[in-house]
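Numbering of the sequence shown is given in the numbering used here, commencing with residue 9 and proceeding in unit increments.
Heads up, the beta-carbon is just placed ideally off N, CA and C, and yes, glycines get one too.
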Amino acid sequence: MSAKGAPAVDRFSLPDPCGHFGPYGGVFVPETLMAALDELHAVYSAARVDPGFQSELRRHLSEFAGRPTPLYFAERLTRHCGGAKLYFKREDLLHTGAHKINNAIGQALLAMRMGKKRIIAETGAGQHGVATAAVCAKFGLECVVYMGAVDMERQALNVFRMRLMGAQVRSVDAGQRTLKEAINEAMRDWVTNVRTTHYILGTAYGARPYPEMVREFHRVIGIEAREQILAREGRLPDELVACVGGGSNAIGLFFEFLEEPGVRMTGVEAGGRGIRRGEHAARFAGGKLGVLQGCKTFILQDPDGQIEATHSVSAGLDYAAVGPEHAYYRDLGRIEYAYATDDEVLEAFQLCSRLEGIIPALESTHAIVHALKRARALPADKVIIVNLSGRGDKDVQEVAKLIGGKP
Ligand SMILES: *Cc1c(COP(=O)(O)O)cnc(C)c1O
């Protein structure tokens with residue numbers, strides 16, 4: 009679809025009061041969680057229009073997280089591609105290393121408003137767990153993080169970081185022993201301890217109000233990027249590119265531009281070892297409508313509706329379902345979706361490190377792969393912004409293993 013053909017969008021009309029983005033979203037949880045979700049929705053809705061809450065949030069985003077993040081012109085990568093100008097939105101420079109802290113701070117403030125002093129979270133790559141552990145330490149909240157046993161091994165350094173900051177990390181041994189099982193355990197804990205506990209979900213996913221609330225906490229990415237590109241180039245970008253796990257960094261960047269028909273947007277999923285059953289996590293390249301962990305959306309599943317095993321070189325994109333707002337905008341044709349394979353990602357990871365002096369997170373590198381293709385295809389007067397959702401320090405050990413120790 010050409011950018012000029014972008015359909016008209018009313019971005020604030022969604023979700024509806026029941027949490028639906030068209031046929032997607034909603035509330036699919038055990039009865040015992042309904043009251044907690046309603047309370048969260050009410051407290052969040054009030055905080056959203058409360059200037060006191062917003063100024064406190066802004067202060068922590070600035071002093072603790074390090075906002076605003078720069079918009080960086082990737083000059084050598086641009087020259088390497090010989091086409092459109094590439095800019096990086098530098099979420100990798102945030103405290104704890106990724107965009108996740110935007111949402112973790114916001115939800116911790118809401119938890120305190122609800123008088124809840126115990127926080128639970130789930131984590132895949134460990135980035136959301138680290139961000140949550142950091143805000144809990146800062147605000148003096150008890151913190152329990154659920155993590156699949158496989159992920160704990162892959163991301164041992166992040167496990168140690170969380171423990172350093174006082175969090176209890178609980179290993180989950182069920183199933184594939186990754187993110188999906190960690191979410192199940194977190195939900196189980198929440199059902200049991202709902203009166204004292206807030207669940208800080210790490211992406212734009214799950215039951216109402218999470219997808220909308222998490223989006224709102226990340227909207228600052230797009231708000232800043234819009235101002236910064238206008239100051240730098242005097243106009244809006246031609247294309248935006250972001251990786252899509254649950255979809256929070258992508259919708260955070262895209263939301264501010266949804267009603268600009270001249271801005272093309274692409275979300276990039278994990279193509280893993282290729283689009284074959286169990287070998288990838290590209291929900292829009294093989295997924296079907298279903299319900300998982302709180303909402304209705306696109307899910308990788310077998311013909312019986314069992315959740316398919318997934319694979320990605322990046323733990324943060326290794327999830328069988330995608331946020332409901334993305335499914336909606338994909339149907340509408342407003343956001344396009346592509347995927348990058350593990351091999352492409354490992355190559356771009358090294359290229360970006362070598363040419364820019366920036367080691368990107370493997371998740372973010374999926375977006376870079378697609379942006380490099382687009383930069384080559386477009387003339388030099390075009391502008392692309394890539395959301396650099398996180399830094400790659402957490403990944404260097406894994407990459408060294410995969411490429412045999414020598415770049
Ligand atoms: C968690 C994570 C992602 C994936 O999550 P989204 O909600 O899709 O943004 C992407 N990049 C980094 C660096 C992450 O830590």
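Asked                                                                                                                                                                                       : Found
Three or more beta-carbon pairs under 8 angstroms between the segment 159-177 and the segment 128-144, yes or no?                                                                           : yes
Taking Cβ to Cβ, would you say residue 331 is nearer than 8 angstroms to residue 140?                                                                                                       : no
Rounded to the nearest angstrom, what separates residue 310 and residue 328 at their Cα positions?                                                                                          : 11 angstroms
Just checking my contact of residue 73 with residue 109 at CB under 8 angstroms: how many whole Å lie between their CB atoms?                                                               : 5 angstroms
Three-state secondary structure (DSSP) at residue 399?                                                                                                                                      : strand
If you count every other CB in all the chains shown that lies within 10 Å of the CB of residue 299, and 16 or more means buried, which is it?                                               : exposed
If residue 392 sits next to residue 379, beta carbons under 8 angstroms apart, how far is it from one beta carbon to the other, in whole angstroms?                                         : 5 angstroms
So what's residue 368 in DSSP terms, helix, strand or just coil?                                                                                                                            : strand
According to DSSP, simplified to helix, strand and coil, what is residue 133?                                                                                                               : coil
Is any non-hydrogen atom of ligand 1 found closer than 7 angstroms to the C-beta of residue 257, if you look at the structure I gave you?                                                   : yes
Just to confirm the assignment: which complete beta strand (DSSP E) runs, minimum length 3, are found wholly within the segment 85-157?                                                     : 93-98, 126-131, 150-156
Drop a sphere of 10 angstroms on the beta-carbon of residue 246, count the other beta-carbons inside from all chains shown, and report buried for 16 or more, exposed for fewer.            : buried
Are residue 113 and residue 150 touching if we call contact CB-CB under 8 angstroms?                                                                                                        : no
Does the segment 331-341 touch the segment 50-66, meaning 3 or more C-beta pairs lie closer than 8 angstroms?                                                                               : no
By the three-class DSSP mapping on this structure, what secondary structure does residue 182 have?                                                                                          : coil
For a test of the three-state rule: what should DSSP assign to residue 266, helix, strand or coil?                                                                                          : coil
For the segment 95-102 and the segment 284-302, state whether three or more C-beta atom pairs, one from each stretch, are separated by less than 8 angstroms.                               : no
Secondary structure at residue 275, three-state DSSP: helix, strand or coil?                                                                                                                : strand
So, do the segment 234-253 and the segment 76-85 have three or more beta carbon pairs nearer to each other than 8 angstroms?                                                                : yes
What residues are listed by DSSP as bridge partners for residue 394?                                                                                                                        : 96, 249
Which word fits residue 160, buried or exposed, when buried means at least 16 other C-beta atoms lie within 10 angstroms of its C-beta?                                                     : buried
Run the CB neighbour count on residue 104, radius 10 Å, all protein chains shown included, and call it buried at 16 or more, exposed below.                                                 : buried
Locate the alpha helix (DSSP H) running through residue 226, then write down its first and last residues.                                                                                   : 218-226
Taking residue 248 as the reference, which of 242, 271, 22, 15 has the closest Cα?                                                                                                          : 271
Give me, in chain order, the residues of the same chain whose beta-carbon lies closer than 7 angstroms to that of residue 240; leave out the 5 immediate sequence neighbours on both sides. : 79
Considering only residues of the same chain and omitting the five flanking positions on each side of residue 122, which have a CB-CB separation below 8 angstroms?                          : 47, 48, 51, 206
Which same chain residues, not among the five before or five after residue 384, have their C-beta less than 6 angstroms away from its C-beta?                                               : 89, 91
Report whether the distance from the Cβ of residue 320 to the nearest heavy atom of ligand 1 is below 7 angstroms.                                                                          : no
Nearest by alpha-carbon distance to residue 5: which of 111, 276, 53 is it?                                                                                                                 : With the chain represented from 9 up to 415, any question about residue 5 goes unanswered, as that position is not in the structure.
Using C-beta distances below 8 angstroms, list every residue in its chain close to residue 404, excluding the 5 sequence neighbours before and after it, in chain order.                    : 367
Say yes only if the C-beta of residue 251 is nearer than 7 angstroms to one or more non-hydrogen atoms of ligand 1, and no if none qualify.                                                 : yes
State yes or no: is the C-beta of residue 140 nearer than 7 angstroms to some heavy atom of ligand 1?                                                                                       : no
Using a Cβ-Cβ cutoff of less than 8 angstroms, which residues in the same chain neighbour residue 232 once the five nearest sequence positions on both sides are dropped?                   : 75, 76, 77, 79, 97
Between residue 242 and the rest of its own chain, which residues show a CB-CB distance below 8 angstroms, the 5 nearest in sequence each way excluded?                                     : none
Are residue 26 and residue 216 touching if we call contact CB-CB under 8 angstroms?                                                                                                         : yes
Report the rounded CA-to-CA distance for residue 147 versus residue 267, giving the unit in angstroms.                                                                                      : 37 angstroms
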